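*Asks:* For the sequence shown, the UniProt record's numbering assigns the number 1 to the initial residue and increments by one for each residue that follows. Every residue, glycine too, gets a C-beta built ideally from N, C-alpha and C. Just so we're clear, the structure is a prediction, and the values are computed from it rather than from any experiment. Sharing a structure, written as structure tokens. Questions coming.
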Amino acid sequence: QFDEDALVRYAAVMCLPQLADRGDPTIIVTLRKFLADPDPGVRLCAIRSIAQAAEKGDWQAVGSISKCLADPDRNVRDAVVGALGKVAEKGNMRALQAL
Numbered sequence: 001q002f003d004e005d006a007l008v009r010y011a012a013v014m015c016l017p018q019l020a021d022r023g024d025p026t027i028i029v030t031l032r033k034f035l036a037d038p039d040p041g042v043r044l045c046a047i048r049s050i051a052q053a054a055e056k057g058d059w060q061a062v063g064s065i066s067k068c069l070a071d072p073d074r075n076v077r078d079a080v081v082g083a084l085g086k087v088a089e090k091g092n093m094r095a096l097q098a099l
């Protein structure tokens, strides 16, 4: 389904937010699939791209990103905190509980 080369997947994930309007559910659903990528760089990029593509307050994006707080890679976990700051609305209990 996805390319075997992590650099190709990384580039695709990085470009996806530019291909549609902010909040486009198709792009966000596609990006969410990359949160389980075997390469931590691709997962990190997917988190940042979701934060870029999602509307502020998108609870599905918040939920998907929050699950990555359990990622084994520290850089991925750090990216989650930054992404939640961009996507979650102030006082969002789901995001606060995840942290």
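Identify every run of the alpha helix (DSSP H) within the stretch 10–73, keeping only runs that are complete inside it and at least 4 residues long; order them along the chain.
*Replies:* Counting whole runs of 4 or more residues, the stretch 10–73 contains the alpha helix (DSSP H) stretches 25–33, 40–53, 59–67.
*Asks:* Looking at C-alpha atoms only, which residue of G41, K33, A51, D5 is the closest neighbour of R22?
*Replies:* That would be A51, whose Cα lies nearest to the Cα of R22.
*Asks:* So that I know if they touch, is there some Cβ in chain C lying closer than 8 angstroms to that of S66?
*Replies:* Going by chain labels, chain C is absent from the structure shown, which holds only one protein chain.
*Asks:* Please state the DSSP three-state secondary structure of D3.
*Replies:* Of the three classes helix, strand and coil, the one that applies to D3 here is coil, per DSSP.
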